[in-house]
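Peer 1:
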């Protein structure tokens, strides 16, 4: 029987509480927030698989509550492109070097976190092809790094949709991609006993975070909230990179 230390359990619980809170409030960001925290006590595969699995549940809840806001015509092609790219990401996750992968993960998180500061005020030219390309890239990167969702979020923000529509569209995109990724994780044999235990332990904090995020979105300025979260993301990612560089 596999035993889990209190530190490993506490880190997973804190990571999923914060990640689910952000995801519930904004429609994305569960990997950006939880993955660098998970890397403080867990390997890169667990740091991706645990948030990805629980994130699927959070996304399903968001869609259940706001499915009327989902612009299916625009977001389905992007989600399908991500599904095509997802097997490539799972293959990379199964075969990449752990230390190098940790550094790459944290680096991607920082890049996309910085990118989240910028909001484009007008729709991009060639919007649909760019959206499909963004979906494919995220399909490759999300199972590999646990992040990159903000690439599609930035694209959606150029559509000048209402905030609720952007949140619902992003949640639908991530629900589709994480569902496919979870199936591929299982087929690749990545659900070890230890990871299943981590998922079970972190599920309750994730539910609490989901409820808290739904509360926050109604009562706080979203932009100020995102700035605070992005600051935490960048700091924790830098810590993760420093740890892995020391271990190389």
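In this note's numbering, the protein residues as written are 40 to 287. Beta carbons: idealized from backbone N, C-alpha and C, even for Gly.
1) Are residue 188 and residue 123 close, meaning C-beta to C-beta below 8 Å?
2) Below 8 Å on the Cβ atoms is my contact criterion, and I expect residue 241 with residue 51 to pass it. Report the Cβ-Cβ distance as a whole number of Å.
3) Determine the direct distance from the alpha carbon of residue 111 to that of residue 246, and round the result to whole angstroms.
4) Only counting the same chain, and skipping five residues up and downstream in sequence, which positions put a Cβ closer than 7 Å to that of residue 190?
5) Report the residue from 273, 284, 285 whose alpha carbon sits nearest the alpha carbon of residue 75.
6) Is DSSP giving residue 257 helix, strand or coil here?
7) Grouping DSSP H, G and I as helix and E and B as strand, with all else coil, what is residue 68?
8) At what residues does the alpha helix (DSSP H) containing residue 199 begin and finish?
9) Are residue 72 and residue 57 closer than 8 Å when you measure CB to CB?
10) Write down the C-beta distance between residue 66 and residue 206 rounded to the nearest angstrom, noting that I regard them as a contact closer than 8 Å.
11) Hey, could you find the ends of the alpha helix (DSSP H) residue 92 is sitting in?
12) Output yes or no for whether 8 Å exceeds the beta carbon distance between residue 129 and residue 54.
13) Where does the unbroken alpha helix (DSSP H) through residue 126 begin, and where does it stop?
14) Do residue 63 and residue 248 have their C-beta atoms within less than 8 Å of each other?
15) Using DSSP with H/G/I as helix, E/B as strand and the rest coil, what is residue 227?
Peer 2: So, to answer that:
1) Walking along the chain shown from the start, residue 188 turns up at place 149. Walking along the chain shown from the start, residue 123 turns up at place 84. Annotated as distal: residue 188 and residue 123, with beta-carbon spacing of 8 Å or more.
2) For the purposes of this step, residue 241 is taken as residue 202 along the chain shown, with counting starting at 1. For the purposes of this step, residue 51 is taken as residue 12 along the chain shown, with counting starting at 1. Going by Cβ atoms, the distance from residue 241 to residue 51 rounds to 5 Å, so yes, they are a contact pair.
3) The residue labelled residue 246 in the question sits at position 207 within the chain shown. The residue labelled residue 111 in the question sits at position 72 within the chain shown. Each residue's alpha carbon lies about 26 Å from the other.
4) Locating residue 190 in the chain shown gives position 151, where the first residue counts as 1. Result list for residue 190: 151, 173, 176, 177, in chain order.
5) Along the chain shown, one-based indexing puts residue 75 at 36. Nearest in C-alpha terms to residue 75, of all of 273, 284, 285, is 273.
6) Mapped onto the chain shown, residue 257 falls at position 218. The three-state reading of DSSP puts residue 257 in coil, since its state is none of H, G, I, E or B.
7) Reading the chain shown from its first residue, position 29 is the one you call residue 68. Assigned with DSSP and collapsed to three states, residue 68 falls in coil, not helix or strand.
8) Here residue 199 refers to the residue found at position 160 of the chain shown. Here residue 199 belongs to no alpha helix (DSSP H), and DSSP marks it neither H nor E.
9) Translated into the one-based positions of the chain shown, residue 72 becomes position 33. Translated into the one-based positions of the chain shown, residue 57 becomes position 18. Yes, Cβ-Cβ distance for residue 72 and residue 57 is below 8 Å.
10) Here residue 66 refers to the residue found at position 27 when the chain shown is read from its first residue. Here residue 206 refers to the residue found at position 167 when the chain shown is read from its first residue. That belief holds up - the Cβ atoms of residue 66 and residue 206 are roughly 3 Å apart, short of 8 Å.
11) Here residue 92 refers to the residue found at position 53 when the chain shown is read from its first residue. Its alpha helix (DSSP H) spans residues 83 to 105.
12) Residue mapping note: residue 129 aligns to position 90 of the chain shown, counting from 1. Residue mapping note: residue 54 aligns to position 15 of the chain shown, counting from 1. No. Outside cutoff.
13) Numbered from its first residue, the chain shown carries residue 126 at position 87. Looking at the DSSP string, the run of the alpha helix (DSSP H) that includes residue 126 is 111 to 134.
14) Taking the first residue of the chain shown as 1, we reach residue 63 at position 24. Taking the first residue of the chain shown as 1, we reach residue 248 at position 209. Note that the C-beta distance between residue 63 and residue 248 is below 8 Å.
15) Along the chain shown, one-based indexing puts residue 227 at 188. Looking at residue 227 - three-state DSSP - the assignment turns out to be coil, as it is neither helix nor strand.
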